[in-house]
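For the sequence shown, the numbering used here assigns the number 819 to the initial residue and increments by one for each residue that follows.
All C-beta atoms, glycine included, are put in the ideal place defined by N, C-alpha and C.
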Amino acid sequence: MKRTRAQVWSATAVVCCLALLLAGCGTRRTHDELKTALVDQFPTAAGSQLAPGAVTDPGTTPAQPQQPAAPEAPAPGATTAPGAVATTAPGTNPNAGGPKPAATTKAQPGAGATGGGSGRPCTGTEKPIVLGSVGQQSGIAGAVTMNGPKAVSAWVASVNAAGGLACHQVRYLIADDGGSPAKHAAQVQQLVERDGVIAFVQMNPALSWSGSEKYLVAKKIPVIGTDTSYDMVYNHPNFFPQASSGKYSVQASIGAASTSFSPEAKANFGVLSCQEIAACTYLADNAKSLADLFGLTLKYSGRVSITQPDYTSVCVAAKNAGVKGLFVILDANSVHRFARSCTSVQYKPQIITPGTGVTPSMTGDPNLEGFFQSLMVAPFTDPSIPGVKEMKSVLTRFAPGLDHSGQTAVGWVSAKLVEHASQFFPAKDSLTSADVLASMYRVKNFTAGGMTAPLTYTQGENAKPFVCWASTTIRNGAWATASKWTCKK
């Protein structure tokens, strides 16, 4: 499928670094195999699941609505297809002891819960709100983006345990599109037309956005928060980005270098990016102007392949150019190889990479001690921030074992954005996409407890971009805050 120039130009690091690997390693799967690829992601998180059989060939008539499987077990007939994610919450064993979410409850009249902005007491007849997410939940891309929907799932469990959201229980359906735009399109359509999804929250289709854009716009389905991989979220009034996205996230990563690196590293700055697809060209083509914008002095700009087994020659070139600080856009495995290659020639620059290319394995690599990651929301390592403190508390209870990361945090902010908007939901038994849209347009200066820039949306207008960042660093084998939440004026 030929992509528009805007789609190619605006893809961020995760697209640049991962698209080729997914294309090269993917296998063709039968229609039945695609059906089984949708599994219950979080059986222990009340309300979070995947509807059975939520995949059809593009263009087919969606099946009639069915009653979904209970969240305590996988959907009937659903098996773990090759590459599919686990069917239990991360780090939990349903049969083991330890923290478990409270049982799902229905808010009853007189319990103190109110129905949306009207303040009407809950009646007990309100139907569930069905939310969804479609994207990469497995594979190379999923390794860094799937934590976003997992954070939303934990939030769903927490609000359901407290009686629901504006009197409504919440269901959250998660689908794995495997990076295929066609599969992504089919899944989005079925979740809306068969399973009753009225809004998508924390969509993470870094490699497949083109499959659903037209449909979501035509149907006016709200999309609240994403993996930050495309700036198309600024092109339509039904998209509500929660952080710097697309080219603005690339700018934010350069900004993170400017607030994380030492003065010597900022005065001797370099850029290294992959060369496989055109999306990676954005950074290389704009390296000088971006460095200048953030007060960095560019001394080197290089291109490499993510398939290279060794990067020694690149390390030598950057070292000879006098580079002390490098902004690297590569996938996690390539970052490991790059750091190892540089260590072999006694070269130890300060390195920063977007959080979309970071995996837990990095903290255990001695070659990456002092390594930085840029974040599109406030650092998940700083519990002094009210929103981060709340996030850690909820995740500890409802998603023990879930890795806290940049993508976990952007997913959490998306969830809290929905929660904030719910105060404007109309008091009615069954909510629609139009109700959610109207409520989102009433959001003004929301920061998710200090985790993002003040978010304001206006009816009929596209969201306004901003460039904000934070960063963390590996210190003694663990992530620590490097630079606090900063926005470019």
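- Spanning the alpha carbons of T941 and Q954 requires a straight line of approximately 38 Å.
- Between V1206 and the set G1224, N1056, F1190, the nearest pair of CA atoms involves G1224.
- Taking each of F1284, A1281, T1304, A1271 in turn and checking the Cα distance to T1290, the smallest one comes out for T1304.
- According to the DSSP secondary-structure assignment, D994 is paired through a beta bridge with G953.
- For A1017, the CB contacts under 7 Å within the same chain, skipping 5 residues up- and downstream, are L949, I1039, P1040, I1042, S1251, V1254 in chain order.
- Close CB contacts of W1230 within its chain, under the 6 Å cut and outside five residues either way in sequence, are with A969, M1209 (chain order).
- Ranked by Cα distance from S1248, the first of L1186, Y990, V1015 is V1015.
- With contact defined as three or more Cβ pairs closer than 8 Å, the stretch 1077-1084 and the stretch 1179-1188 are not in contact.
- Within the stretch 1124-1180, the runs of alpha helix (DSSP H) that reach at least 4 residues and sit entirely inside it are, in chain order, 1130-1138, 1150-1162.
- Of D1045, K1037, L1148, A959, the smallest CA-CA separation from L1090 is found for L1148.
- In its chain, beyond the 5 residues on either side, T1199, T1290 have a beta carbon closer than 6 Å to the beta carbon of W1297.
- Taken through DSSP and simplified to helix, strand or coil, T1290 comes out as strand.
- By a beta-carbon distance limit of 8 Å, V1228 contacts A1061. Their separation comes to about 5 Å.
- The DSSP-derived three-state label of K1117 is strand.
- Residue environment for P1059: buried (at least 16 other C-beta atoms within 10 angstroms of its C-beta).
- DSSP places K1032 within a helical segment (H, G or I) once states are collapsed to three.
- Contact annotation: the stretch 1158-1172 does not touch the stretch 1095-1114, with fewer than three C-beta pairs closer than 8 Å.
- Q1007 places its beta carbon 8 Å or farther from that of Y1048.
- Looking at T1174, A1074, A1271, the one whose alpha-carbon comes closest to that of L1144 is A1074.
- Pairing V1141 with P1167 gives a Cβ-Cβ distance under 8 Å.
- The beta carbon of T1276 lies closer than 7 Å to those of Y1259 in the same chain, with the five residues before and after it left out.
- The residue from I992, V1035, P1127, L1025 with its alpha-carbon nearest to that of D1013 is I992.
- N1056 is bridged by DSSP to nothing; it lacks a bridge partner.
- Collapsing the DSSP output to three states places I1042 in a strand.
- Between M1269 and T1046, the C-beta spacing is not below 8 Å.
- Ranked by Cα distance from S951, the first of K1282, V1146, W1027, F1156 is W1027.
- For M1021, the three-state secondary structure derived from DSSP is strand.
- Here the alpha carbon of I1124 sits roughly 16 Å from the alpha carbon of T1177.
- Per DSSP, the continuous alpha helix (DSSP H) segment holding T1077 begins and ends at 1065-1078.
- Judged by DSSP secondary structure, K1207 falls within the alpha helix (DSSP H) whose first and last residues are 1204-1216.
- Bridge partners of A1296 according to DSSP: R1293.
- DSSP, read as helix, strand or coil, puts K1302 in strand.
- Beta-bridge annotation (DSSP): S1091 is paired with R1121, I1147.
- Counting C-beta atoms within 10 angstroms of its own C-beta, A980 has fewer than 16 neighbours from the protein chains shown and is therefore classed as exposed.
- In this model, H1154 and G960 are separated by some 18 Å (Cα to Cα).
- Per DSSP, the unbroken alpha helix (DSSP H) holding Q1008 starts and ends at 999-1011.
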